[in-house]
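Participant:
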Amino acid sequence: MKYVDEFRDSELILKTSEEIRRLVDPNYHYRIMEVCGGHTFSIFRFGLQNLLPENIELVHGPGCPVCVLPMGRMDDGLSIARQSDVIFTAFGDVMRVPGRLGTPLELRAKGADIRMIYSPLDALKIAIDHPDRKVVLFAIGFETTAPSTALTLLRARELNVPNFFVFSNHVLILPAIRAILDSPDMRIDGFIGPGHCSAVIGARPYEFIAKNYGKPVVISGFEPLDLLQSILMLVKQMREGRSEVENQYSRVVPSDGNISALKAMNEVFEVRPFFEWRGLGFISQSALKLRPEFSRWDAEVHFQVEGVRVTDPKAAQCGEVLKGVLKPHQCKLFGKECTPEHPVGALMVSSEGACAAYYHHVHLRQAVGE
Numbered sequence: 001m002k003y004v005d006e007f008r009d010s011e012l013i014l015k016t017s018e019e020i021r022r023l024v025d026p027n028y029h030y031r032i033m034e035v036c037g038g039h040t041f042s043i044f045r046f047g048l049q050n051l052l053p054e055n056i057e058l059v060h061g062p063g064c065p066v067c068v069l070p071m072g073r074m075d076d077g078l079s080i081a082r083q084s085d086v087i088f089t090a091f092g093d094v095m096r097v098p099g100r101l102g103t104p105l106e107l108r109a110k111g112a113d114i115r116m117i118y119s120p121l122d123a124l125k126i127a128i129d130h131p132d133r134k135v136v137l138f139a140i141g142f143e144t145t146a147p148s149t150a151l152t153l154l155r156a157r158e159l160n161v162p163n164f165f166v167f168s169n170h171v172l173i174l175p176a177i178r179a180i181l182d183s184p185d186m187r188i189d190g191f192i193g194p195g196h197c198s199a200v201i202g203a204r205p206y207e208f209i210a211k212n213y214g215k216p217v218v219i220s221g222f223e224p225l226d227l228l229q230s231i232l233m234l235v236k237q238m239r240e241g242r243s244e245v246e247n248q249y250s251r252v253v254p255s256d257g258n259i260s261a262l263k264a265m266n267e268v269f270e271v272r273p274f275f276e277w278r279g280l281g282f283i284s285q286s287a288l289k290l291r292p293e294f295s296r297w298d299a300e301v302h303f304q305v306e307g308v309r310v311t312d313p314k315a316a317q318c319g320e321v322l323k324g325v326l327k328p329h330q331c332k333l334f335g336k337e338c339t340p341e342h343p344v345g346a347l348m349v350s351s352e353g354a355c356a357a358y359y360h361h362v363h364l365r366q367a368v369g370e
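Position one of the sequence shown corresponds to residue 1 (the numbering used here), numbered consecutively onward.
Have a look at this one:
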């Protein structure tokens, strides 16, 4: 399969692994953060850490939208879902995210009309088919998914669908990276830039990381060779004393992004003054809300959402894992009270969450002696 098989070529993978080992400084401990949850999943799935020298540490970043969703936002959504005239729609990962009021699946079991969707357009169709009900889309994701929400809202306006509402939890990747770089307890030597997100925003927006912070960035694809090539490119930059933005994923990511997608986003959304991220706290200019001209479709306006703040369970250490301070297995609850079947924190829910990826691809293998 073109663009897949050649990036899983075992000979090329081993050759790249050997080149990384040859180039690294054996006396230096490299800390490289993969920002994207999809990269985290691939790293664990393909066992890529085992192909790297011991002095390269991969740090798992905040690029999983479900994982950075604070419990308060989940509770705000569930408070809407409990209303008898509401059909609440959400993507699969969201259905199992725990809030103080439980999960959407648990609330559905108690009688709430909560439905899983695969596209924002699915929610709009439900609204058209049920004009007597208020249909709420729990919109979530980075710049990757925000354009599809925006285009759906534009379609709702075109069709004049009055019973369709969007509860926006869309967040922006660059302010999160900046928050990590500004954190005093973090030491990151370089970044593996997200692939899907960059396909929308392009490669240029990451230049501040190299120019202002002196950290190299390589935007990467998701196959084993993609990631190893990106790590090799980062090591070469560090070895040569360079800090640049390089694009390993040029077959998908253009320098200036997807102009049509960005135009739709900018027409529908504006940036919030601040937004809470699980594990990172409040980050300014880091999330999207509907513009005033779309307020009639804004769930936060229509349902007068209070914006409840809820602290994570005391024993959970999601924040430390999200910031790369702890590895998943170092959390006190990992594999015990917190499992994919009974998640305490959101990192154990999504397949892109560091804890769920580690559990499925490392913890279980160790448990059976592989």
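For every residue, glycine included, the Cβ atom is placed at its ideal position computed from N, Cα and C.
Quick check: what's the CA-CA separation for residue 367 versus residue 344?
Facilitator: Taking the sequence shown and counting its residues from 1, one reaches residue 367 at position 367. Taking the sequence shown and counting its residues from 1, one reaches residue 344 at position 344. Any answer about residue 367 is weak, because its pLDDT of 45 lies below 50 and its placement is not dependable; what the coordinates show is given next. Their Cα atoms are separated by approximately 21 Å.
Participant: Pick helix, strand or coil for residue 192, following the three-state DSSP scheme.
Facilitator: For the purposes of this step, residue 192 is identified with residue 192 of the sequence shown, where counting begins at 1. Three-state DSSP puts residue 192 in a strand.
Participant: DSSP three-state label for residue 50, please.
Facilitator: The sequence position of residue 50 within the sequence shown is 50, counting from 1. If DSSP states are grouped into helix, strand and coil, residue 50 belongs with the helices.
Participant: When the Cα of residue 282 is compared with those of 273, 290, 289, which residue comes out closest?
Facilitator: The count along the sequence shown starts at 1 and reaches residue 282 at position 282. Here the closest residue by C-alpha is 273.
Participant: Candidates 293, 294, 277: which alpha carbon is nearest residue 67's?
Facilitator: The residue you call residue 67 lines up with position 67 of the sequence shown. Nearest of 293, 294, 277 to residue 67, Cα basis: 277.
Participant: Can you grab the Cα-Cα spacing for the pair residue 20 / residue 232, in whole Å?
Facilitator: The sequence position of residue 20 within the sequence shown is 20, counting from 1. The sequence position of residue 232 within the sequence shown is 232, counting from 1. The straight-line gap from Cα to Cα measures roughly 6 Å.
Participant: In whole angstroms, give me the CA-to-CA distance for residue 351 and residue 357.
Facilitator: For this step, residue 351 is matched to residue 351 along the sequence shown. For this step, residue 357 is matched to residue 357 along the sequence shown. Cα to Cα, residue 351 sits roughly 6 Å from residue 357.
Participant: On the CB-based measure, 16 or more other CB atoms within 10 Å of its CB, does residue 194 come out buried or exposed?
Facilitator: Numbered from 1 along the sequence shown, position 194 holds the residue referred to as residue 194. Label assigned to residue 194: buried.
Participant: Which same chain residues end up closer than 7 Å to residue 234 when comparing Cβ atoms and leaving out the 5 residues on each side of it in sequence?
Facilitator: Taking the sequence shown and counting its residues from 1, the one referred to as residue 234 is at position 234. If we look at residue 234 and ignore the five residues flanking it on each side, its Cβ neighbours are 32, 190, 216, 218.
Participant: Apart from the five residues on each side of it in sequence, which residues of its chain come closer than 6 Å, Cβ to Cβ, to residue 198?
Facilitator: Position 198 of the sequence shown, counting from 1, holds the residue named residue 198. Taken in chain order, the residues that qualify are 219, 253.
Participant: Cutting at 7 Å between CB atoms, please list the residues of its own chain near residue 247, excluding the five before and the five after it.
Facilitator: Stepping through the sequence shown from its first residue, residue 247 is reached at position 247. Hits under 7 Å: 203, 219, 253.
Participant: Does DSSP classify residue 102 as helix, strand or coil?
Facilitator: Position 102 of the sequence shown, counted from the start, is the residue given in the question as residue 102. Reduced to three states, the DSSP call for residue 102 is strand.
Participant: Which residue from 330, 323, 304 puts its Cα closest to that of residue 315?
Facilitator: Residue numbering aside, residue 315 sits at position 315 when the sequence shown is read from its first letter. Measuring from the Cα of residue 315, the nearest candidate turns out to be 330.
Participant: When the Cα of residue 239 is compared with those of 16, 15, 24, which residue comes out closest?
Facilitator: Counting from one through the sequence shown, the residue named residue 239 turns up at place 239. The shortest Cα separation from residue 239 among 16, 15, 24 belongs to 24.
Participant: Would you mind listing the beta strand (DSSP E) stretches within the segment 118 to 165 that are 3+ residues and don't spill past its ends, in chain order?
Facilitator: Within the segment 118 to 165, the complete beta strand (DSSP E) runs of at least 3 residues are 134 to 141.
Participant: Just to confirm before moving on: does the CB-CB distance between residue 161 and residue 287 stay below 8 Å?
Facilitator: Residue numbering aside, residue 161 sits at position 161 when the sequence shown is read from its first letter. Residue numbering aside, residue 287 sits at position 287 when the sequence shown is read from its first letter. In this structure, residue 287 does not lie closer than 8 Å to residue 161 by Cβ.
Participant: Are three or more beta carbon pairs between the segment 123 to 137 and the segment 75 to 91 nearer than 8 Å?
Facilitator: The answer is yes - the segment 75 to 91 touches the segment 123 to 137, with three or more Cβ pairs under 8 Å.
Participant: Does residue 28 pass the burial test, meaning 16 or more other C-beta atoms within 10 Å, or should it be called exposed?
Facilitator: Taking the first residue of the sequence shown as position 1, residue 28 is located at position 28. Exposed is the call here.
Participant: Residue 270 and residue 201 look like a contact to me (Cβ under 8 Å); what is the Cβ gap, rounded to whole Å?
Facilitator: The residue labelled residue 270 in the question sits at position 270 within the sequence shown. The residue labelled residue 201 in the question sits at position 201 within the sequence shown. At roughly 16 Å, the Cβ-Cβ gap does not stay under 8 Å, so residue 270 and residue 201 are not in contact.
Participant: Quick check on residue 299: does DSSP put it in helix, strand or coil?
Facilitator: Your numbering for residue 299 matches position 299 in the sequence shown. In this structure, residue 299 counts as helix in the three-state DSSP scheme.
Participant: Exposed or buried, which one is residue 311 when buried takes at least 16 other CB atoms within 10 Å?
Facilitator: Here residue 311 corresponds to residue number 311 of the sequence shown, with the count starting at 1. Its Cβ having fewer than 16 others within 10 Å, residue 311 is exposed.
Participant: Residue 249 lies in the alpha helix (DSSP H); which residues open and close that run?
Facilitator: Here residue 249 corresponds to residue number 249 of the sequence shown, with the count starting at 1. It is not in any alpha helix (DSSP H) - residue 249 carries neither H nor E in the DSSP assignment.
Participant: Please state the DSSP three-state secondary structure of residue 280.
Facilitator: The residue you call residue 280 lines up with position 280 of the sequence shown. Residue state, collapsed to three classes: coil.
Participant: Helix, strand or coil for residue 361 per DSSP?
Facilitator: Here residue 361 refers to the residue found at position 361 when the sequence shown is read from its first residue. DSSP places residue 361 in helix when its eight states are reduced to three.
Participant: Between the Cα of residue 64 and those of 46, 36, 153, spot the shortest distance and give me the residue it belongs to.
Facilitator: Against the sequence shown, residue 64 aligns to sequence position 64. Selected option, being the one with the closest Cα: 36.
Participant: Tell me whether the segment 298 to 311 and the segment 181 to 188 touch, counting them as touching only if at least three CB pairs, one residue from each stretch, are closer than 8 Å.
Facilitator: Output reads no: the segment 181 to 188 does not touch the segment 298 to 311.
Participant: In the DSSP assignment, the alpha helix (DSSP H) including residue 321 goes from what residue to what residue?
Facilitator: Sequence index remark: in the sequence shown, residue 321 carries index 321 (1-based). Run containing residue 321: 318 to 322, per the alpha helix (DSSP H) assignment.
Participant: Indicate whether residue 156 and residue 167 have their beta-carbon atoms separated by less than 8 Å.
Facilitator: Numbered from 1 along the sequence shown, position 156 holds the residue referred to as residue 156. Numbered from 1 along the sequence shown, position 167 holds the residue referred to as residue 167. It is not a contact, given that the beta carbons lie outside the stated cut-off.
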